[in-house]
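Written below as structure tokens is the structure these notes are about.
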Amino acid sequence: SVRKEMLDLHYLALNQAKDYLAPGGSVLSTMGARVPLESFIKFGKDAGYLSEILLYKWKIQADAGEVIRDYAQKEKQGFGPFFFYDASVLEDHFNSLKKYISGSDALEIENSLIKKRLDATTAFNELIKGKTIGHTVAVMSSKVK
């Protein structure tokens, strides 16, 4: 659910954007993909949009100690699960892909990374051991149905 996956603000923004969109316009959302991509598509649909992933990349988690610790605490409270990765795994994986990755490849890429996922607690423990932690990022386009 939107709340359990901590996507409340993205969902709220989509709902409010309808009042400001030009006819045929779309909302672009950039989100840390720490939850399944299907969750993004679903909350777009629930907000009355047709949504699609335009771009799928990765980044090193900013303020990693604080952010990952907070996600780990939220997981213990029943939120999530949230996905992180060893940054070297993401770098190697994305470098092995074709140069220009379209959003239509995003679900396939996400599925190919499933076995490499770290939950937030594991990611935090790996961070403490000195690993660099990253996550995937999605850019989603949403048009009113």
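Taking the numbering used here, the leading residue of the sequence shown gets 2, the next gets one more, and so forth.
Idealized CB from N, CA, C, for every residue including glycine.
Cβ of E127 within 8 Å of Cβ of L119? For this step, residue 127 is matched to residue 126 along the sequence shown. For this step, residue 119 is matched to residue 118 along the sequence shown. In this structure, L119 lies closer than 8 Å to E127 by Cβ.
State yes or no: is the beta carbon of S142 nearer than 8 Å to at least one beta carbon in chain D? The structure shown contains no chain D, having only a single protein chain.
In the region 8-40, which residue ranges form an unbroken beta strand (DSSP E) of at least 3 residues, counting only runs that do not cross its ends? 27-34
Give me the Cα-Cα distance between H136 and S2, rounded to the nearest whole angstrom. Taking the sequence shown and counting its residues from 1, the one referred to as residue 136 is at position 135. Taking the sequence shown and counting its residues from 1, the one referred to as residue 2 is at position 1. Going by the C-alpha atoms only, they are around 20 Å apart.
Can you tell which of Y50, Q78, F41 and K60 has the C-alpha that lies nearest to the C-alpha of D87? Here residue 87 corresponds to residue number 86 of the sequence shown, with the count starting at 1. Taking only the C-alpha atoms, the option nearest D87 is K60.
Over the uninterrupted alpha helix (DSSP H) stretch that includes L91, give me the two end residues. Counting from 1 along the sequence shown, the entry for residue 91 is found at position 90. Per DSSP, L91 belongs to the alpha helix (DSSP H) from A88 to N96.
Check whether the Cβ atoms of A121 and E76 lie closer than 8 Å to each other. Taking the first residue of the sequence shown as 1, we reach residue 121 at position 120. Taking the first residue of the sequence shown as 1, we reach residue 76 at position 75. Judged by beta-carbon spacing, E76 lies within the 8 Å limit of A121, meaning their Cβ atoms are closer than that value.
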